[in-house]
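Protein chains in written order, with our numbering: chain A, 1 to 136; chain B, 137 to 272; chain C, 273 to 408; chain D, 409 to 544; chain E, 545 to 680; chain F, 681 to 816.
First the structure, in the form of structure tokens, and then the observations on it.
Protein chains: 6
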Amino acid sequence: MSTVKLIEYEEAVPEVRAVYDDIMATRQIDWVNNFWKALAVQPALLRRTWEGVKAVTAAGALDPLVKEMLYVAVSITNGCAYCINSHTAAARKKGMTDEMLAELMAVVGMANQTNAMVNGFQVELDEVFKDGGRQT
Amino acid sequence: MSTVKLIEYEEAVPEVRAVYDDIMATRQIDWVNNFWKALAVQPALLRRTWEGVKAVTAAGALDPLVKEMLYVAVSITNGCAYCINSHTAAARKKGMTDEMLAELMAVVGMANQTNAMVNGFQVELDEVFKDGGRQT
Amino acid sequence: MSTVKLIEYEEAVPEVRAVYDDIMATRQIDWVNNFWKALAVQPALLRRTWEGVKAVTAAGALDPLVKEMLYVAVSITNGCAYCINSHTAAARKKGMTDEMLAELMAVVGMANQTNAMVNGFQVELDEVFKDGGRQT
Amino acid sequence: MSTVKLIEYEEAVPEVRAVYDDIMATRQIDWVNNFWKALAVQPALLRRTWEGVKAVTAAGALDPLVKEMLYVAVSITNGCAYCINSHTAAARKKGMTDEMLAELMAVVGMANQTNAMVNGFQVELDEVFKDGGRQT
Amino acid sequence: MSTVKLIEYEEAVPEVRAVYDDIMATRQIDWVNNFWKALAVQPALLRRTWEGVKAVTAAGALDPLVKEMLYVAVSITNGCAYCINSHTAAARKKGMTDEMLAELMAVVGMANQTNAMVNGFQVELDEVFKDGGRQT
Amino acid sequence: MSTVKLIEYEEAVPEVRAVYDDIMATRQIDWVNNFWKALAVQPALLRRTWEGVKAVTAAGALDPLVKEMLYVAVSITNGCAYCINSHTAAARKKGMTDEMLAELMAVVGMANQTNAMVNGFQVELDEVFKDGGRQT
Chain A
1 MSTVKLIEYE EAVPEVRAVY DDIMATRQID WVNNFWKALA VQPALLRRTW
51 EGVKAVTAAG ALDPLVKEML YVAVSITNGC AYCINSHTAA ARKKGMTDEM
101 LAELMAVVGM ANQTNAMVNG FQVELDEVFK DGGRQT
Chain B
137 MSTVKLIEYE EAVPEVRAVY DDIMATRQID WVNNFWKALA VQPALLRRTW
187 EGVKAVTAAG ALDPLVKEML YVAVSITNGC AYCINSHTAA ARKKGMTDEM
237 LAELMAVVGM ANQTNAMVNG FQVELDEVFK DGGRQT
Chain C
273 MSTVKLIEYE EAVPEVRAVY DDIMATRQID WVNNFWKALA VQPALLRRTW
323 EGVKAVTAAG ALDPLVKEML YVAVSITNGC AYCINSHTAA ARKKGMTDEM
373 LAELMAVVGM ANQTNAMVNG FQVELDEVFK DGGRQT
Chain D
409 MSTVKLIEYE EAVPEVRAVY DDIMATRQID WVNNFWKALA VQPALLRRTW
459 EGVKAVTAAG ALDPLVKEML YVAVSITNGC AYCINSHTAA ARKKGMTDEM
509 LAELMAVVGM ANQTNAMVNG FQVELDEVFK DGGRQT
Chain E
545 MSTVKLIEYE EAVPEVRAVY DDIMATRQID WVNNFWKALA VQPALLRRTW
595 EGVKAVTAAG ALDPLVKEML YVAVSITNGC AYCINSHTAA ARKKGMTDEM
645 LAELMAVVGM ANQTNAMVNG FQVELDEVFK DGGRQT
Chain F
681 MSTVKLIEYE EAVPEVRAVY DDIMATRQID WVNNFWKALA VQPALLRRTW
731 EGVKAVTAAG ALDPLVKEML YVAVSITNGC AYCINSHTAA ARKKGMTDEM
781 LAELMAVVGM ANQTNAMVNG FQVELDEVFK DGGRQT
């Protein structure tokens, strides 16, 4: 069970309800998932976190599905089961197929492998990659 | 300096040269970056790793740029400087703009934040997310 | 189930019992939690680990509650569920309120976010921060 | 070098300048560190991140020095050199002595050790710790 | 439940069956564990991954039991429960005793502790360790 | 530069000198590496940490070279450059060849890859692996 009491809509203070309402309106659903009910232990933390998530997952220079898959990639690397499941579900809703998920996993797997081997051999950065190729 | 001697093309055994050749042909460049020169300490490891990287970064159900950005997201979360720089450079070559990089970073930042908070509050997985939304 | 047999007090060798006794005396409780029962697979490992934990959580230049919250912060970042739950419980016993837990979580969340973004942009360390501000 | 161009005050757009001004006013200093100059690549990301950092490091139920030390503990666990140096410097400014730093490190060290051993032995959570001791 | 459907032998396509057959032949068992059944969502990913695991766990300059224990050490540090359990079981089958497991855990615990403290104090690398002692 | 002053032998208090002496005697060398000079900021932390490292790296049920390679595997997974370099150097001194290092790296690479994919697909633990195969 969570280490703080989950706050349901009915018992929530107005500031919390306002965030729950915006989550449901933005996502066009009629319920709020447990993560937000835990954050509601501190209404300001809930509001700030939701504003961040809402901003970074909105359409922009990157497609919302791409953003959701990036979210999954990070969650896998951190080993957060709740996050992997919830963002995989969100990505599926936005169109991710099993084939796309398999390719995502293949990239994430190889990235974790080569990250480890680069560290392990302490490979020096090639001159041309310095600054992430910004000036080349 | 790397913990194994980097193997240059000129001194490489044929099995290593074959991989270097394929890397250069696939990427349409005339040089090989240090990571591969370190892996060449064991030709079979070099070959296997290159086959993996080549396979997962090729076009498929996901766009090569998306794959490169997923690679960056994992590398950031693991804090691998070589990997962040080299894959950011690769993503730029494939069309990633500063605006796209900023959005990538915004997602990766929020994902690391919410991953931590989900863990911190030990939030229970909502029923609907079980199995990554596969059956809903 | 744990990958080694948990050793109960009744079946423990004297060296293990002595550690269990000291844990109970130090914490003023009459039971020992599972972590120690697993470490008892090797009495020397149990003793050394307990001495370390006992030393670092005792009052000193930092308050025991602050130390417990630092323990929680690390456990969250590592995603260790057992550790998060047990040290959150210990912090509550030492006086941590829900409000304090929420602030702890807010810091841990932002720290994980900005750590990722600093890595992601490969930001150069400002001169004034070199050596952790030791000489400024 | 950073993977995006650092934006100096003189060349910044008004939205960025406003954040820089608030950082300097809040911290009572006359300069801005590199992290913010990198985030300025996307003014909205800069603003949102600063608001988060400002909120979580302000005085509240926890002391600002405690918050800074929690920030250091997370940064160590993530291995972020920039973050460790900058937040250690910030903690020193807020009163952290060498003795306090040593105790912080001792806790962070033991926490990383016991986190690993709890994982390694796959220790089952004791009933009394479920929900972080919230109901006991 | 896993985020993709597990593919059983009976329903598998020939490319998948061939891998399952090789896993069973190599390990001299008559069943395949769930990990491979998940990877089967993309036969090429399954084949490539199995080839990698088969290659790195075979006898060579290092003993298979040593390799299995290295696998456990990494899995612990990443906090992957499935991996810890399955590779601990594999190591036991190859001869790891409780005493060896305890020593493995003791090393992994101390390594995680000192890794954190080295990071925390930002210790400069001694000249003699540069390049992993390759030239000394 | 390190975030605390490194304590040289000449300026050290007796308790610190005693540890430095034991490090040099145990390792049969005439110098002490920087890590210990940083820990000397708190003599008790130095002593406790050295006792732990000395104990876990001594010969026992596992060979000292195997222990050193386990240390390297953890250090790679945590991305600690100082630790990777110093423990790779120590392993070389104890007999690790380039071929053995390559095999170590191959295992560590695959382990990081499959750890990520197990997490990513949220694979359920097979019944037979429960408790790390302790009872089978």
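Note that beta-carbon positions come from the ideal geometry of N, C-alpha and C, so glycine has one too.
Computed from a prediction, not measured in an experiment: that's the story for all the values here.
1. Rounded to the nearest angstrom, what separates D/His-495 and C/Val-379 at their Cα positions?
2. When Cβ atoms are compared, which residues of the region 758-779 of chain F fall closer than 8 Å to chain D?
3. What whole-angstrom Cβ distance do F/Val-736 and E/Met-640 have, given they're in contact under 8 Å?
4. Could you compute how far the alpha carbon of A/Leu-101 sits from the alpha carbon of A/Gly-132?
5. When we look at the beta-carbon of F/Glu-748 and count the other beta-carbons within 10 Å, is it buried (16 or more) or exposed?
6. Can a CB atom of chain B be found closer than 9 Å to the CB of C/Val-344?
7. Measuring alpha carbon to alpha carbon, tell me which residue in B/Gly-215, B/Val-210, B/Lys-173 is nearest B/Glu-147.
8. Nearest to D/Ile-484 by alpha carbon, out of E/Gln-586, E/Val-576, E/Phe-665, E/Leu-590?
9. How close, in whole Å, do the beta carbons of C/Val-325 and D/Thr-522 come, if the pair is a contact with beta carbons under 8 Å?
10. Who are the near neighbours of F/Tyr-689 in its chain, counting only those whose CB is closer than 6 Å to its CB and skipping five residues on each side?
11. Using 10 angstroms around the beta-carbon of E/Glu-643, count the other beta-carbons present and answer buried if the total reaches 16, otherwise exposed.
12. A/Asp-131 touches chain D at which residues, Cβ-Cβ below 7 Å?
13. List, in order along the chain, the chain F residues whose C-beta lies closer than 7 Å to that of A/Phe-121?
14. Are the C-beta of F/Leu-781 and some C-beta of chain B separated by less than 9 Å?
15. Taking the alpha carbon of A/Ile-84 as the point to measure from, which residue in B/Lys-141, B/Arg-153, B/Arg-270, B/Asn-169 has its own alpha carbon closest?
16. Can you give the Cα-Cα distance for C/Met-273 and A/Ala-81, rounded to whole angstroms?
17. For F/Gly-732, return the contacting residues in chain C, with the cut-off set at a CB-CB distance below 8 Å.
18. Please state if the CB of D/Ala-481 and the CB of D/Leu-447 are separated by a distance shorter than 9 Å.
19. Got a sec, what are the start and stop residues for the alpha helix (DSSP H) C/Glu-375 sits in?
20. Of all the CB atoms in chain F, is at least one closer than 9 Å to the CB of C/Ala-327?
21. To the nearest angstrom, report how far apart B/Asn-170 and A/Asn-119 are at their CA atoms.
22. Strictly below 9 Å CB to CB, what residues from chain C border A/Leu-45?
23. Name the chain B residues that come within less than 9 Å of E/Arg-678, Cβ to Cβ?
24. Between the C-alpha atoms of E/Val-723 and E/Ala-605, what's the straight-line distance to the nearest angstrom?
25. Quick one: which chain E residues come within Cβ less than 7 Å of D/Met-547?
26. Does the CB of E/Val-585 have a neighbour CB from chain A at under 9 Å?
27. Could you tell me whether the Cβ atoms of A/Asn-78 and B/Ala-252 are closer together than 9 Å?
28. For D/Asp-534, go through chain C and note every residue whose CB falls closer than 8 Å to its CB, in chain order.
29. Can you tell me whether F/Ile-687 is buried or exposed? The criterion is at least 16 other CB atoms within 10 Å of its CB, across all chains shown.
30. Would you report the Cα separation of E/Leu-726 and C/Trp-303, rounded to the nearest angstrom?
31. For F/Gln-793, go through chain A and note every residue whose CB falls closer than 7 Å to its CB, in chain order.
32. What number of angstroms, rounded off, separates the C-alpha of B/Ala-195 from the C-alpha of D/Ala-467?
33. For E/Val-667 and F/Ala-705, what's the separation of their Cα atoms in angstroms?
34. I need the boundaries of the alpha helix (DSSP H) containing A/Phe-35, first residue and last residue.
The answer reads as follows:
1. Numbered from its first residue, the fourth sequence carries residue 495 of chain D at position 87. Numbered from its first residue, the third sequence carries residue 379 of chain C at position 107. The straight-line gap from Cα to Cα measures roughly 12 Å.
2. Asn-758, Gly-759, Cys-760
3. In the sixth sequence, residue 736 of chain F corresponds to position 56, counting from 1. In the fifth sequence, residue 640 of chain E corresponds to position 96, counting from 1. About 17 Å; that fails the 8 Å criterion.
4. Here residue 101 of chain A is taken as the residue at index 101 of the first sequence, counted from 1. Here residue 132 of chain A is taken as the residue at index 132 of the first sequence, counted from 1. Those two C-alpha atoms are separated by around 27 Å.
5. The sequence position of residue 748 of chain F within the sixth sequence is 68, counting from 1. That one is buried.
6. Within the third sequence, numbered from 1, the residue matching residue 344 of chain C stands at position 72. It does; some Cβ of chain B falls within 9 Å.
7. Walking along the second sequence from the start, residue 147 of chain B turns up at place 11. Minimum Cα distance to B/Glu-147 is reached at B/Lys-173.
8. Translated into the one-based positions of the fourth sequence, residue 484 of chain D becomes position 76. Taking only the C-alpha atoms, the option nearest D/Ile-484 is E/Phe-665.
9. Taking the first residue of the third sequence as position 1, residue 325 of chain C is located at position 53. Taking the first residue of the fourth sequence as position 1, residue 522 of chain D is located at position 114. C/Val-325 to D/Thr-522, Cβ: 7 Å. Contact.
10. Here residue 689 of chain F corresponds to residue number 9 of the sixth sequence, with the count starting at 1. By the criterion of a C-beta distance shorter than 6 Å, F/Tyr-689 is surrounded in its chain by Tyr-700, once the five residues flanking it on both sides are discounted.
11. Numbered from 1 along the fifth sequence, position 99 holds the residue referred to as residue 643 of chain E. So E/Glu-643 counts as exposed.
12. Here residue 131 of chain A is taken as the residue at index 131 of the first sequence, counted from 1. For A/Asp-131, the chain D residues whose C-beta falls within less than 7 Å of its own C-beta are Met-409, Ser-410, Thr-411, listed in chain order.
13. Within the first sequence, residue 121 of chain A is the residue found at index 121, counting from 1. Ordered by position in chain F, the residues that pass the 7 Å Cβ test against A/Phe-121 are Met-785.
14. Residue mapping note: residue 781 of chain F aligns to position 101 of the sixth sequence, counting from 1. Yes, F/Leu-781 counts as interfacial toward chain B.
15. Taking the first sequence and counting its residues from 1, one reaches residue 84 of chain A at position 84. Out of B/Lys-141, B/Arg-153, B/Arg-270, B/Asn-169, B/Arg-270 has the C-alpha closest to the C-alpha of A/Ile-84.
16. Counted from its first residue, the third sequence places residue 273 of chain C at position 1. Counted from its first residue, the first sequence places residue 81 of chain A at position 81. Answer to the nearest angstrom: the Cα atoms are 19 Å apart.
17. Within the sixth sequence, the letter at position 52 stands for residue 732 of chain F. The contacting residues are Arg-320, Gly-324.
18. As a first step, residue 447 of chain D must be located in the fourth sequence, where it is residue number 39. As a first step, residue 481 of chain D must be located in the fourth sequence, where it is residue number 73. Against a cut-off of 9 Å, the Cβ pair of D/Ala-481 and D/Leu-447 comes out as no contact.
19. As a position in the third sequence, residue 375 of chain C is number 103, starting the count at 1. Element bounds for C/Glu-375: 370-393.
20. Residue numbering aside, residue 327 of chain C sits at position 55 when the third sequence is read from its first letter. The beta-carbon of C/Ala-327 is placed less than 9 Å from the nearest beta-carbon of chain F.
21. Sequence index remark: in the second sequence, residue 170 of chain B carries index 34 (1-based). Sequence index remark: in the first sequence, residue 119 of chain A carries index 119 (1-based). Roughly 12 Å separates the two Cα atoms.
22. Your numbering for residue 45 of chain A matches position 45 in the first sequence. Result: Ala-374, Glu-375, Met-377, Ala-378, Gly-381.
23. Here residue 678 of chain E refers to the residue found at position 134 when the fifth sequence is read from its first residue. The answer, in chain order, is Met-137, Ser-138, Thr-139, Val-140, Lys-141.
24. No answer is possible for residue 723 of chain E: it lies beyond the span of chain E, which begins at 545 and ends at 680.
25. The question about residue 547 of chain D has no answer, for chain D in this structure spans 409 to 544.
26. Locating residue 585 of chain E in the fifth sequence gives position 41, counting from the first residue. Yes, its Cβ sits closer than 9 Å to a Cβ of chain A.
27. By one-based count along the first sequence, residue 78 of chain A stands at place 78. By one-based count along the second sequence, residue 252 of chain B stands at place 116. Yes, the Cβ-Cβ distance between A/Asn-78 and B/Ala-252 is below 9 Å.
28. Translated into the one-based positions of the fourth sequence, residue 534 of chain D becomes position 126. Correct list: Asn-305, Asn-306, Ser-358.
29. Your numbering for residue 687 of chain F matches position 7 in the sixth sequence. Buried.
30. Nothing about residue 726 of chain E can be reported from this structure: the residues present for chain E run from 545 to 680 only.
31. Position 113 of the sixth sequence, counted from the start, is the residue given in the question as residue 793 of chain F. Within chain A, the residues near F/Gln-793 are Gly-109, Met-110, Asn-112, Gln-113.
32. Working through the second sequence from its first residue, we reach residue 195 of chain B at position 59. Working through the fourth sequence from its first residue, we reach residue 467 of chain D at position 59. In a straight line, the C-alpha of B/Ala-195 is about 51 Å away from that of D/Ala-467.
33. Within the fifth sequence, residue 667 of chain E is the residue found at index 123, counting from 1. Within the sixth sequence, residue 705 of chain F is the residue found at index 25, counting from 1. Cα to Cα, E/Val-667 sits roughly 23 Å from F/Ala-705.
34. Residue numbering aside, residue 35 of chain A sits at position 35 when the first sequence is read from its first letter. Unbroken alpha helix (DSSP H) run through A/Phe-35: 34-39.
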